[in-house]
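**Q** Next up is a structure, given as structure tokens.
Protein chains: 2
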Amino acid sequence: MTDRNTSSSDDAIEETRDFAPRFNADGLIPVVTTDQATGAVLMLAYMNAEALEKTIASGDAWYWSRSRQALWRKGETSGHTQKVQELRTDCDQDTLQLIVDQSGPACHTNRPSCFYRRITPANGGMLLELISDD
Amino acid sequence: MTDRNTSSSDDAIEETRDFAPRFNADGLIPVVTTDQATGAVLMLAYMNAEALEKTIASGDAWYWSRSRQALWRKGETSGHTQKVQELRTDCDQDTLQLIVDQSGPACHTNRPSCFYRRITPANGGMLLELISDD
Numbered sequence: 060m061t062d063r064n065t066s067s068s069d070d071a072i073e074e075t076r077d078f079a080p081r082f083n084a085d086g087l088i089p090v091v092t093t094d095q096a097t098g099a100v101l102m103l104a105y106m107n108a109e110a111l112e113k114t115i116a117s118g119d120a121w122y123w124s125r126s127r128q129a130l131w132r133k134g135e136t137s138g139h140t141q142k143v144q145e146l147r148t149d150c151d152q153d154t155l156q157l158i159v160d161q162s163g164p165a166c167h168t169n170r171p172s173c174f175y176r177r178i179t180p181a182n183g184g185m186l187l188e189l190i191s192d193d
Numbered sequence: 060m061t062d063r064n065t066s067s068s069d070d071a072i073e074e075t076r077d078f079a080p081r082f083n084a085d086g087l088i089p090v091v092t093t094d095q096a097t098g099a100v101l102m103l104a105y106m107n108a109e110a111l112e113k114t115i116a117s118g119d120a121w122y123w124s125r126s127r128q129a130l131w132r133k134g135e136t137s138g139h140t141q142k143v144q145e146l147r148t149d150c151d152q153d154t155l156q157l158i159v160d161q162s163g164p165a166c167h168t169n170r171p172s173c174f175y176r177r178i179t180p181a182n183g184g185m186l187l188e189l190i191s192d193d
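Each protein sequence line maps, in turn, to chains A and B.
Just so we're on the same page, the numbering used here is the position in the first sequence counted from 1, plus 59.
Just so we're on the same page, the numbering used here is the position in the second sequence counted from 1, plus 59.
This is how it looks when you write it as structure tokens:
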């Protein structure tokens with residue numbers, strides 16, 4: 060979030076040294092996972108408090124699967140694990156950035172990143188186009 | 060999302076050329092905004108359908124401010140605009156990536172990115188530490 064109307068409590072959360080992640084009404088926080096080697100955005104996923112604890116404690120990326128309603132260690136079946144290199148929070152602490160050492164493709168479609176299609180004008184509307192440089 | 064249990068409908072949304080963004084129950088979709096010049100993650104924000112339309116039509120980044128419950132053209136008061144260079148969707152089309160030419164700092168705290176603090180172990184717990192290389 061980058062809203063400009065700040066209050067003293069906003070300033071506090073923006074400048075504090077206290078890590079106080081703000082989970083949403085479902086108890087989840089979005090996580091932007093990026094590749095330490097390339098800087099690329101690999102995926103967006105969600106953590107609940109337990110996934111965050113496990114990630115910090117283990118050094119492996121754990122998420123909460125909204126579709127399966129279950130904790131999920133990235134790569135637990137595929138082997139495409141994510142080793143945590145750094146964990147960041149944003150200004151208002153309602154989003155995390157996880158910088159990882161990605162083993163194999165991050166996306167379950169076996170692409171390096173989940174963001175493999177760009178939106179492009181075509182036929183008077185918008186179509187998706189595969190990004191060839193991934 | 061990178062869940063592994065796919066169905067034919069999952070495959071369809073993952074391989075289709077149709078742009079069909081999946082807004083959440085609040086009518087919003089998260090957007091990871093990155094800097095074309097540096098590749099850095101600048102911020103995570105949200106768009107509703109109108110913000111997405113305005114972004115595509117104008118080439119300027121428009122978002123939905125959850126705190127102000129209003130459409131918001133990034134930089135409309137600060138001047139720190141974002142010119143769209145590319146728009147991507149992820150495998151299941153519930154997240155967007157917006158690659159921009161960022162004018163000035165992206166964060167309202169006047170930092171280049173909203174992700175200016177890392178979580179680091181200290182005093183037996185976790186504390187936030189300013190990232191000096193930003």
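A virtual CB, placed ideally from N, CA and C, is assigned to each residue, including glycine.
Quick check on DSSP: helix, strand or coil for residue 104(B)?
**A** Reduced to three states, the DSSP call for residue 104(B) is strand.
**Q** Should residue 147(B) go down as buried or exposed, given a rule of 16 or more other Cβ atoms within 10 Å for buried?
**A** Its Cβ being crowded by 16 or more others within 10 Å, residue 147(B) is buried.
**Q** Give me the DSSP bridge partner(s) of residue 157(B).
**A** Residue 157(B) pairs with 92(B), 146(B).
**Q** According to DSSP, is residue 87(A) part of a helix, a strand, or is it coil?
**A** Coil at residue 87(A), not helix or strand.
**Q** Please decide whether residue 94(A) counts as near chain B, where near means a Cβ-Cβ distance under 7 Å.
**A** For residue 94(A), the answer is no, since every Cβ of chain B falls outside 7 Å of its Cβ.
**Q** Residues in the same chain with beta-carbon distance under 7 Å from residue 230(B), minus the five sequence neighbours each way, listed in chain order, please.
**A** Past the boundaries of the shown model lies residue 230(B); chain B is included only from 60 to 193, so the question cannot be answered.
**Q** Residue 188(A) by DSSP, collapsed to three states: which one?
**A** The answer is strand: DSSP assigns residue 188(A) an E or B state.
**Q** Buried or exposed for residue 94(B), going by 16 or more other Cβ atoms inside 10 Å?
**A** Buried, by the Cβ-count rule.
**Q** Using 8 Å as the threshold, is the segment 137–155 of chain B in touch with the segment 171–185 of chain B, meaning 3 or more CB pairs across them?
**A** The segment 137–155 of chain B, when compared against the segment 171–185 of chain B, does not touch it at the 8 Å Cβ threshold.
**Q** Is it the case that the CB of residue 122(B) approaches a heavy atom of the ligand NAD more closely than 6 Å?
**A** Of the ligands one can find in the structure shown there are none, so the ligand NAD has no counterpart to examine.
**Q** DSSP puts residue 127(A) in a beta bridge; with which residues?
**A** Answer is none; residue 127(A) lacks a bridge partner.
**Q** Can you give me the start and stop residues for the beta strand (DSSP E) that residue 177(A) sits inside?
**A** Residues 176–181.
**Q** Alpha carbons only, please: which of 96(B), 112(B), 87(B), 98(B) is nearest the one belonging to residue 125(B)?
**A** Ranking 96(B), 112(B), 87(B), 98(B) by Cα distance to residue 125(B) puts 87(B) first.
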